Amino acid sequence: MSRAMTDICPVLRAVGRLSTAAALAVLAFASPASGVYYHDLARNRQPCGDCHTLHYSEEGGKPADVEPGGPFQQLLIRSTTTKLCLFCHDGSDPKAPDVLAPISMYGGSGDEHSGAGFFDTSGGAENINGHDLGFEAAGVPFSSRTSVTLNCASCHDPHGTSNYRNVLTSPAGGSGVEVQMARDVFRDVPPGDPPSAGDSIDAYKESNEGYQAATSLWCVECHDELKPTVNTPADRKHHFVDVPINGAGYPTDSAHWVAGVGSGFGVTTGDATEGVPRLRFQVIGAVDHATAQLVAANNEVVCGSCHLAHGGNHEMGLVWPYKDSGGPADKDSGCQQCHNY
Ligand code: HEC
Ligand code: HEC
Ligand code: HEC
Ligand code: HEC
Ligand code: HEC
Ligand code: HEC
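Going by numbering that gives the first Met the number 0, the sequence shown opens with residue 0, and the numbers climb by one from there.
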């Protein structure tokens, strides 16, 4: 939560006792000044009333599809944060990026999914294809953390941040890291307010993204056993990240990566033909959207080269079916793009 929001917290508690009109006036007065980022970012803010309600009994202000028992904690209109977010992000609102399977939003866009992929279930169940929502994980892989239950706000700030995709700076507490991405189509050419369905597809589809820095460092805030100080050449725990494909002495084929044809490269993931679309990479020193997308021998590997942040069609949220059973044609495709054995 931003400082500005924390500052007005007592105000919101007080507004429960006021009339709706007076309360809305207080909230309008308390709205963050420009420069404070918001759910849909500074240029395109979202009304408080999309998520909070002051008088649940109010006819006009009542959400179309009311959940009985509200308003809930923090005057929210849904009983859990995940329910609140999925109210729009489950595919029912064509302007809000769909993060819950089945996803049809990106069909015909040229991309198979968004940058984050998607969750299999809305919560309460373990999912082998990525992160679980509302399910207590006794142990967390590559992490010293135990008994963690994730919801949307474990990773995103509902009120927005200046980070890429409003991710929290400190998802595991402590000082955290800021996550950067090149300016994307959405930020450079902001859609109207509210955004349109077509603009949202263009903004959130995977190929619109260009990674600059700290996306992997952000993941290791929670998966702390993969921090670069811990996952070292002398004590290797997992595949390295934030290293260039053409590093000296590496068992990689950077010319193959740059050419983008042959073993590993293809059009569709999960079909009978070997090869998947080019994996994601990071460009250190990128200054804009175009430079963050330049394929080069020194492109760097990131967690997102292999994993989708929400999850997807394949085990462990992997981008291609590396661990899936049944001997799929694309089993080794991702590895081959860089290693070409
Ligand atoms: C996208 C949904 C969303 C929007 C829009 C939104 N909020 Fe929130 N708000 C939340 C959620 C979720 C929480 C609970 C956060 C948590 O539990 O960490 C919250 C919590 C709060 C709190 C309590 C903070 C605390 O620390 O307990 C205040 C105050 C608040 N919101 C004010 C506002 C105001 C004012 C606006 C409009 C300017 C607004 N919110 C817009 C989702 C939203
Ligand atoms: C807020 C803490 C948190 C952050 C941030 C986080 N993770 Fe996780 N991760 C977890 C927890 C908890 C689990 C174990 C339960 C589960 O599968 O959701 C997990 C499990 C996983 C798994 C195993 C999934 C499976 O299906 O078995 C992968 C892969 C993973 N994380 C990758 C990532 C990547 C990549 C990022 C960065 C985009 C990331 N994580 C960021 C908390 C986090
Ligand atoms: C484990 C952390 C984590 C959790 C939990 C999580 N997200 Fe995300 N989310 C991310 C990251 C990281 C990205 C950016 C991925 C990228 O583009 O590389 C992202 C991207 C998004 C996007 C942009 C569109 C897209 O699909 O790329 C939306 C919308 C979103 N998340 C909503 C949600 C909602 C709603 C929930 C809960 C149902 C949720 N997230 C839970 C980490 C998380
Ligand atoms: C009232 C509908 C609505 C609700 C509720 C809602 N969202 Fe969104 N969200 C949207 C729309 C529409 C967009 C895409 C357009 C935009 O960013 O303005 C969006 C965009 C996002 C993005 C991408 C922001 C960016 O520009 O990178 C994230 C992340 C996200 N939502 C997370 C959440 C989380 C977490 C919650 C719950 C706390 C939530 N949303 C609740 C409608 C909603
Ligand atoms: C080059 C591809 C690649 C990169 C880069 C990569 N991973 Fe993985 N990751 C995998 C594969 C493949 C597996 C499945 C490993 C297996 O079981 O053989 C995996 C498994 C995992 C697991 C689950 C482990 C378990 O036993 O449940 C987590 C958590 C995880 N990765 C997190 C991360 C994070 C965080 C990053 C970035 C710091 C990252 N990975 C970078 C390919 C990669
Ligand atoms: C985006 C490019 C990229 C992808 C995809 C990729 N790698 Fe790598 N791989 C590298 C780079 C760069 C290195 C050198 C850095 C290092 O030592 O980890 C490397 C190193 C390795 C090493 C040598 C580790 C050592 O101790 O010397 C192995 C083994 C490996 N990768 C296996 C895999 C497997 C298996 C996959 C698929 C699951 C995979 N890689 C996918 C880029 C990639």
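Backbone N, C-alpha and C fix where the C-beta goes; we use that ideal spot for every residue, glycine too.
If you're wondering where the values come from, they're calculated on a predicted model, not measured in any experiment.
Item, Value
"DSSP-derived helix/strand/coil call for GLU125", "coil"
"Bridge partners - TYR210, DSSP secondary structure assignment", "MET180 and GLN281"
"VAL257: first and last residue of the uninterrupted alpha helix (DSSP H) it sits in", "253-258"
"ASP92: CB within 7 Å of a non-hydrogen atom of ligand 4", "yes"
"Rounded separation between GLY246 and LYS322 - CA only", "27 Å"
"Contacts around ARG144, its chain only, beta-carbon distance under 8 Å, and the 5 residues preceding and following it disregarded", "ALA171, CYS221 and ASP223"
"Cβ-heavy atom distance, ARG144 to ligand 3, below 7 Å", "no"
"ASN165 beta carbon near ligand 4 (any heavy atom closer than 7 Å)", "yes"
"Nearest-angstrom Cα separation, counted from HIS155 out to VAL257", "34 Å"
"Validate contact between the segment 135-142 and the segment 322-333 using beta carbons, cut 8 Å, 3 pairs", "no"
"Rounded distance between the beta-carbons of SER78 and PHE71, thought under 8 Å", "5 Å"
"Sequence-distant residues of its chain with Cβ nearer than 6 Å to ARG279 (five each side left out)", "GLY303 and SER304"
"heavy atom of ligand 6 below 7 Å from LEU83 C-beta", "no"
"ASP252 and VAL301 closer than 8 Å at C-beta", "no"
"Segments of 4+ residues assigned as alpha helix (DSSP H) that fall wholly inside the segment 91-163", "151-154"
"Beta-carbon separation (whole angstroms), GLY310 vs TRP319, contact threshold 8 Å", "About 14 Å; that fails the 8 Å criterion."
"Nearest-angstrom Cβ-Cβ length linking LEU132 and ASN150, presumed shorter than 8 Å", "6 Å"
"Where LEU317 sits in the DSSP three-state scheme", "strand"
"Cβ contact check for the segment 284-302 and the segment 80-97: 3 or more pairs under 8 Å", "no"
"As assigned by DSSP and simplified to three states, the class of HIS222", "coil"
"Nearest to GLY269 (by Cα), restricted to the options ALA295, HIS238 and LYS330", "LYS330"
"DSSP state of GLU205 mapped onto helix, strand, coil", "helix"
"Near ligand 5: PRO140 beta-carbon under 7 Å from a heavy atom", "yes"
"Pairwise C-alpha distance: PRO227 and SER342", "Missing from the structure shown is residue 342; the chain here goes from 0 to 340 and no further."
"Presumed contact (8 Å Cβ cut-off) between ILE102 and GLY90, rounded CB distance", "7 Å"
"Rounded C-alpha distance that separates VAL282 from ILE200", "23 Å"
"CA-to-CA distance, HIS306 to MET315, given in whole angstroms", "7 Å"
"Distance cut-off 7 Å: SER121 Cβ against heavy atoms of ligand 4", "no"
"Endpoints, the alpha helix (DSSP H) within which LYS82 is located", "80-88"
"Strand pairing of PHE71, partner residues [DSSP]", "LEU75"
"Inter-residue spacing [alpha-carbon to alpha-carbon] between PHE264 and GLY138", "35 Å"
"Pair within 8 Å by beta-carbon distance, GLY259 and ARG235", "no"
"Sequence-distant residues of its chain with Cβ nearer than 6 Å to GLU208 (five each side left out)", "GLY114"
"Spatial neighbours of SER30 in its chain, beta-carbon cut-off 6 Å, leaving aside the 5 residues before and after", "Any answer about SER30 is weak, because its pLDDT of 31 lies below 50 and its placement is not dependable; what the coordinates show is given next. Closer than 6 Å at Cβ, skipping near neighbours: no residue."
"Contact set for VAL147: own chain, Cβ-Cβ below 6 Å, skip 5 residues either direction", "ALA136 and VAL139"
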